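Student: Counted the way the UniProt record's numbering counts, the sequence shown spans residues 1 to 492. We treat Cβ as the ideally placed atom computed from N, Cα and C, and that holds for glycine. Model, not experiment: these values are computed from the prediction.
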Amino acid sequence: MNVSRLVILVRAPPHRSVLRGFASAVPRYDDSSSAKLAAADPPNPLKVNMKPSEVVAELNRHIVGQADAKRAVAIALRNRWRRQQLPDDLRPEVTPRNVLLVGPTGCGKTEVARRMAQIHDAPFLKVEATKFTEVGYHGRDVDQIIRDLMDVSMQLTKKVWTEKLREQAKVQVEERLLHLLTGPSSKDKSDSARAHDSFRDMLQQGILDDQEIEIDVPLQNNSSDMGGGDTLNPNIVAMSDLWQRVSSAGGGKKQATERKKVPISQAREILLQVELDQLLETVDLKKEAIMAVEESGIVFIDEIDKICSSRDSYRSKSTDASAEGVQRDLLPLIEGTTINTRHGNVKTDYILFIASGAFHTVKPSDMLPELQGRLPIQVELKGLTEEDLYRILTEPVANLVRQQVELLATEGVTLVFEDAAIREMARMAAKLNQTVENIGARRLHTVMERIMEELSFQAAESEGETLTVDVALVQERMSSVTQKLDLSKFIL
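(1) Going by DSSP, what residues sit across from Asp216 in a beta bridge?
(2) Relative to the C-alpha of Glu303, which candidate in Val55, Ala113 and Asn49 has its C-alpha closest?
(3) Using the Cβ count rule (16 or more neighbours within 10 Å means buried), how would you classify Lys70?
(4) Measuring straight from C-alpha to C-alpha, what distance separates Glu449 and Ala57?
(5) What does the alpha-carbon distance come out to for the pair Pro369 and Gln118?
(6) DSSP three-state label for Phe359, please.
(7) Does DSSP classify Thr385 as helix, strand or coil?
(8) Could you compute how far the alpha carbon of Ser480 sits from the alpha carbon of Val73?
(9) Using the Cα positions of Ile451 and Leu473, report the straight-line distance between them to the nearest angstrom.
(10) Say whether the region 362 to 376 touches the region 329 to 348, bearing in mind that this needs 3 or more beta-carbon pairs closer than 8 Å, one atom from each stretch.
(11) How should Ala38 be labelled, buried or exposed, when 16 other C-beta atoms within 10 angstroms of its C-beta is the threshold for buried?
(12) Alpha carbons only, please: which of Glu463, Ala289 and Leu393 is nearest the one belonging to His343?
(13) Rounded to whole angstroms, what is the Cα-Cα separation between Pro87 and Ser296?
(14) So Thr468 and Glu418 are in contact, right, with Cβ under 8 Å, and what is the actual spacing, rounded?
(15) Measure how close the beta-carbons of Ala323 and Ser309 come, nearest whole angstrom, since I'm counting them as under 8 Å.
(16) Does the region 373 to 381 touch the region 98 to 107, meaning 3 or more C-beta pairs lie closer than 8 Å?
(17) Give the list of continuous alpha helix (DSSP H) stretches no shorter than 4 residues that lie fully inside the region 43 to 91.
(18) Should His416 be labelled buried (16 or more other beta-carbon atoms within 10 Å of its own) or exposed?
(19) Thinking Ala459 and Leu408 are a contact (beta carbons under 8 Å), I'd like their distance in whole angstroms, please.
(20) Rounding to the nearest angstrom, what Cα-Cα distance links Thr267 and Gln211 in this structure?
(21) Using the beta-carbon count (16 or more within 10 Å), is Gln85 buried or exposed?
(22) With which residues is Glu128 paired in a DSSP beta bridge?
(23) Taking the alpha-carbon positions, what's the Arg477 to Lys363 distance?
(24) So is the beta-carbon of Glu437 under 7 Å away from any non-hydrogen atom of the ligand HEM?
(25) Would you report the Cα separation of Glu214 and Lys164, rounded to the nearest angstrom?
(26) Report all residues from its chain with a CB closer than 6 Å to the CB of Ile334; omit the five preceding and five following residues, and keep chain order.
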């Protein structure tokens with residue numbers, strides 16, 4: 001975009017006399033400084049260098065137990081960094097050791113993936129295997145995984161570079177405001193510099209923030225956000241982007257602008273975004289995003305057991321478009337292939353794949369043998385015990401007990417949980433998991449909500465009071481559930 005064409009007009013400012021006095025003393029803004037500021041080449045922002053112990057320590061703040069899974073994930077992340085340090089002749093030979101997490105529902109498999117996405121500053125994508133169908137059937141094919149990962153990488157790369165260039169853009173905005181507000185420069189350089197500094201102080205102190213000015217800014221072009229992005233042919237999208245760039249070139253159609261009358265404080269934010277967009281044009285975001293995906297990308301495939309069939313029903317379910325066919329389509333993706341995306345071709349040879357599944361009705365050996373071989377590291381997660389459930393209620397940074405305390409604190413209510421009550425809640429959750437259905441830590445949400453239902457309802461009328469959750473309250477609120485469990489054994 002051509003920022004030099006931005007037009008700013010001052011409309012009856014309250015400091016008219018000050019502006020008139022400085023108008024001939026402030027030098028003109030040199031637009032060439034934009035290229036000088038953008039010439040600096042910061043280091044690659046997508047660099048991961050966390051030690052395995054640091055990754056495990058961070059996961060321990062949010063996840064209880066499952067030490068084997070945490071260690072496997074931490075080692076896999078560290079190996080990404082180690083590979084980057086290898087000599088050029090050896091680096092292409094080292095491929096990721098993909099991981100398969102096996103464990104019952106609610107034991108922490110998905111939580112490991114969610115926390116990894118928060119602590120890992122490289123492209124990360126979590127998908128469910130059941131959302132994809134075999135190539136040739138209606139639905140999303142597995143190639144869409146890499147396209148979505150590439151979109152994530154583009155957003156991440158742009159975000160990182162935006163933060164790196166923000167200070168440069170702020171300098172540009174300040175100089176542009178000074179230039180456009182004060183007009184041409186004076187021949188007297190000493191008076192010009194003195195007036196320029198004085199006027200800069202006025203801007204920095206906010207004296208001129210309330211002045212309304214009119215600015216012409218480019219209209220946001222939403223034509224590239226075409227509907228149906230999940231299934232749109234990437235070649236069509238790429239051609240659309242190319243046509244837009246050609247049309248907006250120097251000899252093409254002039255970019256549409258919109259005139260806005262805003263205070264200088266708001267104009268500063270608008271111009272900041274314009275300057276950031278101009279500086280980002282000097283960076284090859286697509287190239288860096290593709291490199292980040294190919295070298296540091298991670299894909300977490302959840303519910304992979306749902307696309308497996310047991311040996312007994314193998315033949316009857318082999319025609320399922322969401323079962324064995326998806327497994328076959330995953331083989332080249334995990335082994336290494338090239339996927340065409342709207343941003344360019346992406347190689348998957350060095351992308352780390354982590355799969356997980358409960359495997360209640362099937363076994364890991366029911367997967368295609370080729371897929372088993374591409375997930376060489378298998379980690380079994382243990383089911384949660386009563387003690388684990390108690391620790392989940394108390395140890396994580398954002399545990400359920402603390403969440404309830406903070407929620408009621410917004411109403412001016414002090415909520416206190418006795419330790420014995422917390423242990424009783426863990427015991428009730430463990431009992432329900434054993435007798436009804438084992439859903440792991442998710443059972444704690446059911447127990448907590450049932451206990452807090454009446455307290456939460458009355459909290460708005462209990463400002464200033466202290467409410468205590470003890471064993472008696474837990475047993476009273478859960479009595480109807482436990483009574484049903486006790487009677488169920490007599491039902492034929």
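Tutor: In short:
(1) Translated into the one-based positions of the sequence shown, residue 216 becomes position 216. According to DSSP, which records beta bridges pairwise, Asp216 is partnered with Arg259.
(2) Numbered from its first residue, the sequence shown carries residue 303 at position 303. Taking the Cα of Glu303 as reference, the smallest distance to any Cα among Val55, Ala113 and Asn49 is reached at Ala113.
(3) The sequence position of residue 70 within the sequence shown is 70, counting from 1. Buried is the label assigned to Lys70, since at least 16 other Cβ atoms lie within 10 Å of its Cβ.
(4) By one-based count along the sequence shown, residue 449 stands at place 449. By one-based count along the sequence shown, residue 57 stands at place 57. If you take the alpha carbons of Glu449 and Ala57, they lie about 30 Å apart.
(5) Within the sequence shown, residue 369 is the residue found at index 369, counting from 1. Within the sequence shown, residue 118 is the residue found at index 118, counting from 1. Straight-line Cα distance between these residues: approximately 33 Å.
(6) Looking up residue 359 in the sequence shown gives position 359. Looking at Phe359 - three-state DSSP - the assignment turns out to be coil, as it is neither helix nor strand.
(7) In the sequence shown, residue 385 corresponds to position 385, counting from 1. Coil at Thr385, not helix or strand.
(8) By one-based count along the sequence shown, residue 480 stands at place 480. By one-based count along the sequence shown, residue 73 stands at place 73. Approximately 42 Å between the Cα atoms of the pair.
(9) Taking the sequence shown and counting its residues from 1, the one referred to as residue 451 is at position 451. Taking the sequence shown and counting its residues from 1, the one referred to as residue 473 is at position 473. Approximately 8 Å, taken between the alpha carbons.
(10) With the cut-off at 8 Å, the region 362 to 376 and the region 329 to 348 touch.
(11) On the sequence shown, position 38 is the one that residue 38 refers to. Note on Ala38: pLDDT 40, under 50, position unreliable in the model; the coordinate value appears next. Counting Cβ neighbours within 10 Å, Ala38 comes out buried, since at least 16 surround it.
(12) Indexing the sequence shown from 1 puts residue 343 at position 343. Considering only alpha carbons, the answer is Ala289.
(13) Within the sequence shown, residue 87 is the residue found at index 87, counting from 1. Within the sequence shown, residue 296 is the residue found at index 296, counting from 1. Distance between the alpha carbons of Pro87 and Ser296: 17 Å.
(14) Here residue 468 is taken as the residue at index 468 of the sequence shown, counted from 1. Here residue 418 is taken as the residue at index 418 of the sequence shown, counted from 1. Sure, about 7 Å apart at Cβ, within 8 Å.
(15) On the sequence shown, residue 323 is found 323 positions in, with the first residue counted as 1. On the sequence shown, residue 309 is found 309 positions in, with the first residue counted as 1. Between Ser309 and Ala323 the Cβ distance is about 6 Å, and since that is below 8 Å, they are a contact.
(16) Segments in contact, yes.
(17) Whole alpha helix (DSSP H) segments, 4+ residues: 52 to 60 and 67 to 84.
(18) Locating residue 416 in the sequence shown gives position 416, counting from the first residue. Sequence check: residue 416 is Val here, not His. Label assigned to Val416: exposed.
(19) To locate residue 459, count along the sequence shown from 1; it is residue 459. To locate residue 408, count along the sequence shown from 1; it is residue 408. Rounded to whole angstroms, the Cβ separation of Ala459 and Leu408 is 5 Å, and the two are in contact under 8 Å.
(20) On the sequence shown, position 267 is the one that residue 267 refers to. On the sequence shown, position 211 is the one that residue 211 refers to. Just to set this straight, residue 267 is Ala in the shown sequence, not Thr. Roughly 10 Å separates the two Cα atoms.
(21) Residue mapping note: residue 85 aligns to position 85 of the sequence shown, counting from 1. It is exposed - the Cβ of Gln85 has fewer than 16 other Cβ atoms within 10 Å.
(22) Locating residue 128 in the sequence shown gives position 128, where the first residue counts as 1. Paired residues: Asp302.
(23) Taking the first residue of the sequence shown as 1, we reach residue 477 at position 477. Taking the first residue of the sequence shown as 1, we reach residue 363 at position 363. Taking the Cα positions, Arg477 is about 39 Å away from Lys363.
(24) Absence of the ligand HEM is noted for the structure shown, with no ligands found whatsoever.
(25) Taking the sequence shown and counting its residues from 1, one reaches residue 214 at position 214. Taking the sequence shown and counting its residues from 1, one reaches residue 164 at position 164. Between the alpha carbons of Glu214 and Lys164 lies a distance of about 29 Å.
(26) Position 334 of the sequence shown, counted from the start, is the residue given in the question as residue 334. Non-local beta-carbon contacts of Ile334 in its own chain, meaning distances under 6 Å to residues more than five positions away in sequence, involve Phe353 and Arg374 in chain order.
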